[in-house]
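Undergrad: Before anything else, here's the structure in question.
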């Protein structure tokens, strides 16, 4: 996996924080200096924290768990959509539906409604409806697709949440905190990092910086997914070999038992022959 370079982050503008008057004191450990009234983020800490987050996300993906990506701000939406789709992970780029995590069963019902509409279209039921009903259902399907289409495959609560701009996505963060779901986030100098389990200090307004950090993280996730596939393939191959080896072992065991049986029969025959000869010799002597 390619390393995250300091110069590339610098060029992408990842080091630019917010105005000093807007800062959150809790972000002070990640601030390098102040220049012209703007806080400058320590990019060495950005790299270290990104690598730490990447290692954790890789293990989550390797375990076969889902990571939900969230970014509803304009600069980050296309980046999140592209990166999440590349690793087949769920994402939210439209307005966060309140209760999406804390009231997950209700969200699943809405997703199921979308699937039922698709089923109606496939089996021909949709064609039997009136023009007005078709229009209503089509609009409903489009609305559901826009809000929930990107999480259609999320059948259970995610094992991690990744957000860009923790202030804007504070509802999502609160829901995850309430349920004990670990939160990963790109955190700017005006945000509170205390509710974030894996803080990545960086400029969350720079699309290029967000793209670079997400690219690195998604590469780590892909590695985890690939390792999982390899382990599953190896386990499957080992099971097949074990099953194939079980038959010869049974055959060998059967052959050994047969040889033992033959030996016993031969021994019994020899003993019987000796006894018979001894009896004949005794008759002659008499």
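Numbering (this note's numbering), first residue to last: 188 to 473.
For glycine and all other residues, C-beta sits at the position ideal for the given N, C-alpha and C.
What you are looking at is a predicted structure, and each value in this text was computed from that prediction instead of being measured.
Quick one: is residue 376 buried, meaning 16 or more other Cβ sit within 10 Å of its Cβ, or exposed?
TA: If you number the chain shown from 1, residue 376 lands on position 189. Counting Cβ neighbours within 10 Å, residue 376 comes out buried, since at least 16 surround it.
Undergrad: Can you list, in chain order, the residues of its chain with a C-beta nearer than 6 Å to that of residue 203? Leave out the 5 residues immediately preceding and following it.
TA: Sequence index remark: in the chain shown, residue 203 carries index 16 (1-based). Contacts found: 390.
Undergrad: Would you call the stretch 231 to 245 and the stretch 404 to 421 in contact, with 3 or more CB pairs under 8 Å?
TA: Segments in contact, yes.
Undergrad: Given this structure, state the Cα-to-Cα distance separating residue 226 from residue 345, to the nearest angstrom.
TA: Taking the chain shown and counting its residues from 1, the one referred to as residue 226 is at position 39. Taking the chain shown and counting its residues from 1, the one referred to as residue 345 is at position 158. Going from the Cα of residue 226 to the Cα of residue 345 covers about 34 Å.
Undergrad: Residue range of the beta strand (DSSP E) that residue 369 falls in?
TA: Locating residue 369 in the chain shown gives position 182, where the first residue counts as 1. Where residue 369 is concerned, there is no enclosing beta strand (DSSP E), given that its DSSP letter is neither H nor E.
Undergrad: Spell out the partners DSSP gives residue 278 in its beta bridges.
TA: Numbered from its first residue, the chain shown carries residue 278 at position 91. The partner list for residue 278 (beta bridge, DSSP) reads 256.
Undergrad: Using C-beta distances below 7 Å, list every residue in its chain close to residue 199, excluding the 5 sequence neighbours before and after it, in chain order.
TA: Translated into the one-based positions of the chain shown, residue 199 becomes position 12. These residues qualify, in order along the chain: 393, 395, 396 and 399.
Undergrad: Report the CB separation of residue 371 from residue 384 in whole angstroms; it is logged as a contact under 8 Å.
TA: Translated into positions along the chain shown, residue 371 becomes position 184. Translated into positions along the chain shown, residue 384 becomes position 197. With 8 Å as the limit, residue 371 and residue 384 qualify as a contact, their Cβ atoms being about 7 Å apart.
Undergrad: Can you name the start and end residues of the beta strand (DSSP E) that residue 219 belongs to?
TA: Stepping through the chain shown from its first residue, residue 219 is reached at position 32. Here the beta strand (DSSP E) through residue 219 covers 218 to 222.
Undergrad: Check whether the stretch 212 to 222 and the stretch 317 to 332 touch, using three or more Cβ-Cβ pairs below 8 Å as the test.
TA: No: fewer than three Cβ pairs fall under 8 Å.
Undergrad: Whole-angstrom Cβ separation of residue 283 and residue 358, contact assumed at under 8 Å?
TA: Residue 283 sits at position 96 when you count from the first residue of the chain shown. Residue 358 sits at position 171 when you count from the first residue of the chain shown. Sure, about 6 Å apart at Cβ, within 8 Å.
Undergrad: Express the C-alpha separation of residue 266 and residue 273 in angstroms, rounding to a whole number.
TA: For the purposes of this step, residue 273 is taken as residue 86 along the chain shown, with counting starting at 1. For the purposes of this step, residue 266 is taken as residue 79 along the chain shown, with counting starting at 1. In a straight line, the C-alpha of residue 273 is about 11 Å away from that of residue 266.
Undergrad: Using three-state DSSP, classify residue 477 as helix, strand or coil.
TA: No statement about residue 477 is possible, as the shown extent of the chain runs from 188 to 473 and does not include it.
Undergrad: Specify the secondary structure class of residue 473 as computed by DSSP and reduced to three states.
TA: Locating residue 473 in the chain shown gives position 286, counting from the first residue. Reliability fails at residue 473, whose pLDDT of 44 lies under 50, so the model's placement of it is uncertain and no value is given.
Undergrad: Go ahead and label residue 517 buried or exposed: buried means 16 or more other beta carbons lie within 10 angstroms of its beta carbon, across all protein chains shown.
TA: Nothing in the structure corresponds to residue 517, since the chain is present only between 188 and 473.
Undergrad: How close, in whole Å, do the beta carbons of residue 351 and residue 373 come, if the pair is a contact with beta carbons under 8 Å?
TA: For this step, residue 351 is matched to residue 164 along the chain shown. For this step, residue 373 is matched to residue 186 along the chain shown. So it is a contact: roughly 5 Å between Cβ atoms.
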